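Numbering-wise, this note's numbering puts 10 at position 6 of the sequence shown, and it's gapless, one number per residue. Note sheet for the following structure.
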Amino acid sequence: MTPGDQDPDLAPALQRGDRVAWDQFYRRLYPRLRSYFIRRLGHDGAEDAVSETMTKAIAAIDRYTPGAVGLEGWLFGIARHVNADHHRRSARVARQQQVAHLVDGCGLESRMPVDHDLDLSDEHAHVRSQFGRLEPAEQEVLELRVVAGLSANEVAAVLDKDPGAVRTFQSRALAHLRRLVEADRVDA
5 MTPGDQDPDL
15 APALQRGDRV
25 AWDQFYRRLY
35 PRLRSYFIRR
45 LGHDGAEDAV
55 SETMTKAIAA
65 IDRYTPGAVG
75 LEGWLFGIAR
85 HVNADHHRRS
95 ARVARQQQVA
105 HLVDGCGLES
115 RMPVDHDLDL
125 SDEHAHVRSQ
135 FGRLEPAEQE
145 VLELRVVAGL
155 SANEVAAVLD
165 KDPGAVRTFQ
175 SRALAHLRRL
185 VEADRVDA
């Protein structure tokens, strides 16, 4: 028995799909999982996060190997990932709402003249058209970093690159986009 395992027979039963074992495991850890998520996500998100954690645990139980942290530590590792995913999704939604706010011109009418909204819309269309002229790899990095809101480390993992290389490539792609936009303005 490893130091983190309270019940050495529980993991094999869970891996066999034993419903009684899963029920026992869930009931034993539910209060602690729920408390964990209440502190991190609030009451509204806690129940969904517990459900998502257990769903991921059921899907991943075949890959569980006994270790120093045992089943409970393994489950709370999954909970940490669920929490991080929730915060990434929330940040992405907030960024999308900010972009929608800008694109739709919400709230700009009271501060800006109507023709400013048209200029802003034209500017967005112009940048989008020049974005299409970037190399596919440049577009991909900018979409992952700016549009999807992934960190340089996350993009590096997706593209199997070094995070520093991702940051450098992003910087070069943005500089290339800037040159395209400025050159097109000069030509116009």
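Cβ atoms here follow ideal geometry from the backbone N, Cα and C, with glycine treated the same way. Remember, predicted model here, so these are calculated numbers, not experimental data.
The closest CA to that of residue 175, considering only 141, 162, 164, is found on 141. Straight across, the Cα-Cα distance linking residue 85 with residue 22 is about 25 Å. Across the structure, residue 78 and residue 57 are spaced so that their CA atoms are roughly 11 Å apart. A Cβ-Cβ separation of about 17 Å leaves residue 138 out of contact with residue 169 under the 8 Å criterion.
For residue 55, the enclosing alpha helix (DSSP H) starts and ends at 47–64.
Assignment of residue 144 by DSSP, reduced to helix, strand and coil, places it in the helix class. Contact between the segment 50–68 and the segment 80–96 is present: 3 or more CB-CB pairs across the two stretches fall below 8 Å. Across the structure, residue 12 and residue 68 are spaced so that their CA atoms are roughly 13 Å apart.
Looking at 80, 188, 159, the one whose alpha-carbon comes closest to that of residue 61 is 80. Scanning its chain for C-beta atoms nearer than 8 Å, with the 5 sequence neighbours on each side dropped, one finds around residue 153 the residues 92, 95, 96, 99, in chain order. With respect to residue 167, residue 179 sits apart: the two C-beta atoms are not nearer than 8 Å. C-alpha of residue 183 to C-alpha of residue 136: approximately 13 Å in a straight line. Between residue 163 and residue 75, the CB-CB gap reaches or exceeds 8 Å.
When 131, 51, 172 are compared, the shortest CA-CA separation from residue 36 is found for 51. Excluding sequence positions up to five before and after residue 44, its CB lies within less than 7 Å of the CB of 87, all in the same chain and listed in chain order.
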